[in-house]
Amino acid sequence: MYILVIEDNPDLVANLYDFLEPRGYVVDAAGSARGGLNFVQEKVYDAIILDLTLPDMDGLEVCKRLRDSGCDTPVLMLTARDTLDDKLEGFASGADDYLVKPFAMQELDARLKALVRRVSGDQSRELLRLADLAFDPATLQLERDGRSISLPPIPLKILALLLRQSPRVVPRREIERRIWGDTRPDSDALRAHMSVLRAAIDRPFDKHLLRTVHGIGYQLVAPDEIQGQPALSCRPGLYPAGHAGERGAGRLPLSTRHRYGGAADR
Numbered sequence: 001m002y003i004l005v006i007e008d009n010p011d012l013v014a015n016l017y018d019f020l021e022p023r024g025y026v027v028d029a030a031g032s033a034r035g036g037l038n039f040v041q042e043k044v045y046d047a048i049i050l051d052l053t054l055p056d057m058d059g060l061e062v063c064k065r066l067r068d069s070g071c072d073t074p075v076l077m078l079t080a081r082d083t084l085d086d087k088l089e090g091f092a093s094g095a096d097d098y099l100v101k102p103f104a105m106q107e108l109d110a111r112l113k114a115l116v117r118r119v120s121g122d123q124s125r126e127l128l129r130l131a132d133l134a135f136d137p138a139t140l141q142l143e144r145d146g147r148s149i150s151l152p153p154i155p156l157k158i159l160a161l162l163l164r165q166s167p168r169v170v171p172r173r174e175i176e177r178r179i180w181g182d183t184r185p186d187s188d189a190l191r192a193h194m195s196v197l198r199a200a201i202d203r204p205f206d207k208h209l210l211r212t213v214h215g216i217g218y219q220l221v222a223p224d225e226i227q228g229q230p231a232l233s234c235r236p237g238l239y240p241a242g243h244a245g246e247r248g249a250g251r252l253p254l255s256t257r258h259r260y261g262g263a264a265d266r
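Reminder that position 190 of the sequence shown reads as 190 in the UniProt record's numbering, one-by-one numbering, no gaps.
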């Protein structure tokens with residue numbers, strides 16, 4: 001399970017890292033709101049742990065920006081504020097759950113798993129669409145232009161990932177991580193599966209949906225959206241117009257950066 005922690009207390013982040021990693025979680029951490037928003041632009045997470053009080057932006061505003069940008073990743077909000085009004089405000093901003101500090105790590109673990117189970121159940125009932133392509137994750141039924149399409153399991157998983165992220169360009173390494181986990185496939189495995197996918201959903205049709213962004217990854221995009229699209233369309237709208245993202249915010253000493261901050265916070 002891939003978790004993003006947006007928290008400015010390095011001791012708490014270290015404790016979260018030490019507790020969650022042995023239990024199978026892969027943890028990225030950002031010490032600032034802007035660092036966390038950058039991570040969300042670049043990666044897909046199963047859940048986000050978000051502190052309410054951050055040095056550069058209120059956690060409520062961070063949550064609102066995530067939701068306004070179309071990010072539906074479950075958010076577990078951490079805070080020392082424990083009044084009913086505080087909790088209601090957190091839920092109104094888009095948070096899925098609310099945990100008051102101090103808390104037991106075991107409770108955090110249980111709440112994360114419950115959030116991910118809930119979202120997985122919701123996704124199994126959704127219908128994914130792009131232009132004339134439609135995929136039902138519950139029945140595994142895939143159609144384009146009313147024609148039924150059959151795909152092997154791995155290309156089908158890749159298709160579902162790209163549909164959920166469309167029109168974002170999904171990097172190769174991210175696809176490999178989401179499909180195969182820590183077991184890295186052969187260098188040509190992903191290319192072979194993408195070829196199968198392209199042959200099924202694009203080759204028989206006049207307009208193509210699957211796009212290769214060389215040196216980066218793959219993208220599913222409707223034909224009328226391709227013109228003028230930037231090379232990387234992660235999740236727009238996280239920052240106000242003209243905002244650069246301030247990637248230097250929240251930087252920690254080199255000795256802790258392996259577990260706190262990472263590339264998106266540098």
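Just so you know, even glycine gets a beta-carbon here, dropped at the ideal spot from N, CA and C.
If you're wondering where the values come from, they're calculated on a predicted model, not measured in any experiment.
Quick test of the definition: if touching needs 3 or more C-beta pairs under 8 Å, does the stretch 154-170 touch the stretch 134-145?
When Cβ pairs closer than 8 Å are counted between the two stretches, the stretch 154-170 is seen to touch the stretch 134-145, the count reaching three or more.
So what's residue 175 in DSSP terms, helix, strand or just coil?
Three-state DSSP puts residue 175 in a helix.
Endpoints, alpha helix (DSSP H) assigned at residue 67:
59-68
Whose C-beta lies closer than 8 Å to the C-beta of residue 148 among residues of the same chain, with five residues either side of it excluded?
The answer, listed in chain order, is 141 and 142.
Express the C-alpha separation of residue 4 and residue 30 in angstroms, rounding to a whole number.
8 Å
Which of helix, strand or coil does DSSP assign to residue 213?
strand
Can residue 13 and residue 7 be called in contact, C-beta distance under 8 Å?
yes
Kindly provide the ranges of any beta strand (DSSP E) runs that are 3 or more residues long and lie completely inside the stretch 101-156, ordered along the chain.
If only uninterrupted beta strand (DSSP E) runs of at least 3 residues are considered, those enclosed by the stretch 101-156 are 128-130, 133-136, 141-144 and 147-149.
Report the three-state DSSP secondary structure of residue 11 (helix, strand or coil).
helix
Pull up the distance between the alpha-carbon of residue 2 and that of residue 93, whole angstroms please.
23 Å
Give me, in chain order, the residues of the same chain whose beta-carbon lies closer than 6 Å to that of residue 105; leave out the 5 immediate sequence neighbours on both sides.
19
Anticipated Cβ contact below 8 Å, residue 175 with residue 217, distance rounded:
7 Å
Excluding the five sequence neighbours on either side, which residues of its own chain have a C-beta within less than 6 Å of the C-beta of residue 36, listed in chain order?
6 and 30
Report buried or exposed for residue 74, applying the criterion of at least 16 other Cβ atoms within 10 angstroms of its Cβ.
buried
Measure the C-alpha to C-alpha separation of residue 206 and residue 145 and round it to an integer number of angstroms.
11 Å
Nearest by alpha-carbon distance to residue 170: which of 185, 195 and 214 is it?
Residue nearest to residue 170 within the set 185, 195 and 214 is 214 (criterion: CA-CA distance).
Using only alpha-carbon positions, find the residue among 188, 189, 66 and 54 that is nearest to residue 38.
The shortest C-alpha separation from residue 38 is found at 66.
Answer with yes or no whether the minimum CB distance from residue 15 to chain D is below 8 Å.
Chain labels in this structure do not include chain D; a single protein chain is all it has.
Pop quiz: residue 101 and residue 80 are said to be a contact at Cβ under 8 Å. What is the actual Cβ separation, rounded to whole angstroms?
5 Å
Mind checking whether residue 47 and residue 112 have CB atoms under 8 Å apart?
yes
Contact belief for residue 162 with residue 220 at Cβ below 8 Å, rounded distance in angstroms
4 Å
Exposed or buried, residue 59, counting other C-beta atoms within 10 Å across all chains shown (16 or more means buried)?
buried
Between the Cα of residue 44 and the Cα atoms of 55, 27, 34 and 52, which residue gives the shortest distance?
Residue 44 has its Cα closest to that of 27, out of 55, 27, 34 and 52.
Please report the distance separating the alpha-carbon of residue 11 from that of residue 72.
28 Å
Taking only three categories from DSSP, how would you classify residue 218?
Three-state result, residue 218: strand.
Anticipated Cβ contact below 8 Å, residue 76 with residue 96, distance rounded:
At roughly 7 Å, the Cβ-Cβ gap stays under 8 Å, so residue 76 and residue 96 are in contact.
Decide if residue 250 is buried, meaning its Cβ has at least 16 other Cβ atoms within 10 Å, or exposed.
Low confidence applies to residue 250: its pLDDT is 36, below 50, so where it sits in the model is not reliable enough to give any reading.
Option nearest residue 16 by Cα separation, candidates 108, 200 and 54:
The residue with the shortest Cα to Cα distance from residue 16 is 108.
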